Amino acid sequence: MGPTSRPTARPTAKPTSGPTTQPGIGGVQHVIWLWLENHSASAVTPASMPYLTSLGSTYGLATDYSAVTHPSLPNYIAATSGGTQGIMNDGTYDLNVASIFSQLGTAAHSYEQDYPGGCFTGSSSPVGIDGPGVAGKYVRKHDPAMSYTAISGTSLCSATISNLASFSNTHRFAFVTPNLCNDAHDCSLQIADTFLRGFVPQVTGSAAFAHTLLVITFDEGSGSQVVYTALIAPWLHGFRTSASLDHYSLLATTEHLLGLGYLGAARGARLIPLG
Numbered sequence: 425m426g427p428t429s430r431p432t433a434r435p436t437a438k439p440t441s442g443p444t445t446q447p448g449i450g451g452v453q454h455v456i457w458l459w460l461e462n463h464s465a466s467a468v469t470p471a472s473m474p475y476l477t478s479l480g481s482t483y484g485l486a487t488d489y490s491a492v493t494h495p496s497l498p499n500y501i502a503a504t505s506g507g508t509q510g511i512m513n514d515g516t517y518d519l520n521v522a523s524i525f526s527q528l529g530t531a532a533h534s535y536e537q538d539y540p541g542g543c544f545t546g547s548s549s550p551v552g553i554d555g556p557g558v559a560g561k562y563v564r565k566h567d568p569a570m571s572y573t574a575i576s577g578t579s580l581c582s583a584t585i586s587n588l589a590s591f592s593n594t595h596r597f598a599f600v601t602p603n604l605c606n607d608a609h610d611c612s613l614q615i616a617d618t619f620l621r622g623f624v625p626q627v628t629g630s631a632a633f634a635h636t637l638l639v640i641t642f643d644e645g646s647g648s649q650v651v652y653t654a655l656i657a658p659w660l661h662g663f664r665t666s667a668s669l670d671h672y673s674l675l676a677t678t679e680h681l682l683g684l685g686y687l688g689a690a691r692g693a694r695l696i697p698l699g
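In our numbering, the protein residues as written are 425 to 699.
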């Protein structure tokens, strides 16, 4: 049985560009996830993250969206494969399971800030900087594509994973991970907000944004597991949903919009209302 609630199209206020109703399957051509780190929704305020909260106010906000577990890695794996795959720590894993990356092949891409390239499989790389924000580390635990042998163990690795400086809003699905400072893991929410201010216009200013859904969320909370989740799309205008959602909802919604089958727990997850 599929997800329990599917988004329905209805008229919205006229946007400045792009469609005036919520696209169904085929209407959304690009879905982008951008994940930040380790803060509950209550920590994200106009004082701590003025840019992110302005995006949530301008476009859309899911007010009851939760991570599924602790710590980081099993959340990344759950969201991309439909289950934690038994992972309960931030170790190094080589998983022979289906994921959204294997579902889409070269139509999916993982943009990892400060990724050293060359299908690097180490746990971290030295501090560097590519793209907006400040210098910080790349870590494998925040790069879910690298945990799947269908990607890391094949020629798809170099085709699927690259650093952030190469970002292009052309893939059907993109996972964007800032470095350990810009994702608020090692540095402040203000630093993360500055990163977003530099990165998000690359999405919203692109021609492809007319058919794009960008979701900015956090992997897990620091207390409450409810995490701030902004829904950014040209047909959303001050939209809010109080539906009970989680990372499985994000996977299910993405699979629904891109016309894919549902993986694992995504089959029973509630879809994210989108207007």
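Think of the CB as a built atom: it goes at the ideal place given N, C-alpha and C, for glycine as much as any other residue. Owing to the predicted nature of the structure, the values given are computational and were not obtained by experimental measurement.
State the beta-bridge partners of phenylalanine 544 as determined by DSSP. Taking the sequence shown and counting its residues from 1, the one referred to as residue 544 is at position 120. Beta-bridge pairing links phenylalanine 544 to no other residue.
8 Å Cβ cutoff met for glycine 552 and asparagine 606: The residue labelled residue 552 in the question sits at position 128 within the sequence shown. The residue labelled residue 606 in the question sits at position 182 within the sequence shown. No, the Cβ-Cβ distance between glycine 552 and asparagine 606 is not below 8 Å.
Restricting to runs no shorter than 3 residues, where is the beta strand (DSSP E) found entirely within the region 506 to 593? 532 to 536
Hey, cysteine 581 and cysteine 543 are a contact pair by Cβ (cut 8 Å); roughly how many whole angstroms apart? Here residue 581 refers to the residue found at position 157 of the sequence shown. Here residue 543 refers to the residue found at position 119 of the sequence shown. At roughly 4 Å, the Cβ-Cβ gap stays under 8 Å, so cysteine 581 and cysteine 543 are in contact.
Return the Cβ separation of leucine 620 and tyrosine 483 in integer angstroms, given the expectation that the two are a contact with Cβ distance under 8 Å. Residue mapping note: residue 620 aligns to position 196 of the sequence shown, counting from 1. Residue mapping note: residue 483 aligns to position 59 of the sequence shown, counting from 1. About 13 Å separates the two Cβ atoms, so there is no contact after all.
Using the beta-carbon count (16 or more within 10 Å), is alanine 676 buried or exposed? In the sequence shown, residue 676 corresponds to position 252, counting from 1. That one is buried.
Boundaries of the alpha helix (DSSP H) in which threonine 477 is found, first to last residue: If you number the sequence shown from 1, residue 477 lands on position 53. Segment 474 to 482, the alpha helix (DSSP H) holding threonine 477.
Please state whether the Cβ-Cβ distance between methionine 570 and serine 576 is less than 8 Å. One-based indexing of the sequence shown puts residue 570 at position 146. One-based indexing of the sequence shown puts residue 576 at position 152. Yes; because the gap between Cβ atoms is below 8 Å, this pair is in contact.
Looking at threonine 678 and the ligand FAD, is the gap between the Cβ and the nearest heavy atom below 7 Å? Within the structure as shown, the ligand FAD is missing, as the structure has no ligands at all.
Roughly how many angstroms separate the alpha carbons of aspartate 617 and glycine 480, rounded to a whole number? Here residue 617 corresponds to residue number 193 of the sequence shown, with the count starting at 1. Here residue 480 corresponds to residue number 56 of the sequence shown, with the count starting at 1. Their backbone Cα atoms lie some 13 Å apart in a straight line.
Residue nearest to glutamate 461 in terms of C-alpha spacing, selected from Leu684, Phe642 and Asp567: If you number the sequence shown from 1, residue 461 lands on position 37. Looking at the Cα atoms, Phe642 is the closest of the given residues.
Taking just the CA atoms, how far does glutamate 536 sit from cysteine 547? The residue labelled residue 547 in the question sits at position 123 within the sequence shown. The residue labelled residue 536 in the question sits at position 112 within the sequence shown. Residue 547 is actually serine in this sequence, not cysteine. So the alpha carbons of these two residues sit roughly 13 Å apart.
Candidates Ser464, Thr628, Ser490 and Gly555: which alpha carbon is nearest valine 455's? By 1-based counting over the sequence shown, the position of residue 455 is 31. Cα-wise, what sits closest to valine 455 is Thr628.
Contacting residues, own chain, Cβ-Cβ under 6 Å from serine 526 (five flanking each side not counted): Residue mapping note: residue 526 aligns to position 102 of the sequence shown, counting from 1. Around serine 526: Ala574.
Within its chain, find whatever has a CB closer than 6 Å to the CB of proline 498; leave out the 5 residues flanking it on each side and keep chain order. On the sequence shown, position 74 is the one that residue 498 refers to. Once the five neighbours on either side are set aside, the close Cβ partners of proline 498 are Thr508 and Ile511.
On the CB-based measure, 16 or more other CB atoms within 10 Å of its CB, does alanine 491 come out buried or exposed? Taking the first residue of the sequence shown as position 1, residue 491 is located at position 67. Classification for alanine 491: buried.
Taking contact to mean at least 3 C-beta pairs separated by less than 8 Å, is the region 585 to 601 in contact with the region 649 to 668? no
For glycine 645 and alanine 531, the rounded distance between their alpha carbons: Here residue 531 is taken as the residue at index 107 of the sequence shown, counted from 1. Here residue 645 is taken as the residue at index 221 of the sequence shown, counted from 1. Near 30 Å, if we compare the C-alpha coordinates of glycine 645 and alanine 531.
Through-space distance from leucine 669 to glycine 692, alpha-carbon basis: Start at 1 with the first residue of the sequence shown, and residue 692 comes out as number 268. Start at 1 with the first residue of the sequence shown, and residue 669 comes out as number 245. Distance between the alpha carbons of glycine 692 and leucine 669 is about 12 Å.
DSSP-derived helix/strand/coil call for alanine 608: The count along the sequence shown starts at 1 and reaches residue 608 at position 184. The answer is coil: DSSP assigns alanine 608 none of H, G, I, E or B.
For tyrosine 489, the residue or residues it bridges with in DSSP: Against the sequence shown, residue 489 aligns to sequence position 65. Answer by DSSP bridge pairing, in chain order: Leu669.
Could you check which residue in His533, Leu687 and Leu588 has the C-alpha nearest to that of serine 673? For the purposes of this step, residue 673 is taken as residue 249 along the sequence shown, with counting starting at 1. Nearest option by C-alpha distance: Leu687.
Give every residue of the same chain whose Cβ lies closer than 7 Å to the Cβ of alanine 689, excluding the five residues on either side of it in the sequence, and list them in chain order. The residue labelled residue 689 in the question sits at position 265 within the sequence shown. Excluding sequence neighbours, alanine 689 sits near Gly506, Gly507 and Tyr672.
Would you identify the three-state DSSP class for alanine 503, choosing helix, strand or coil? Looking up residue 503 in the sequence shown gives position 79. Alanine 503: helix per DSSP, three-state reduction.
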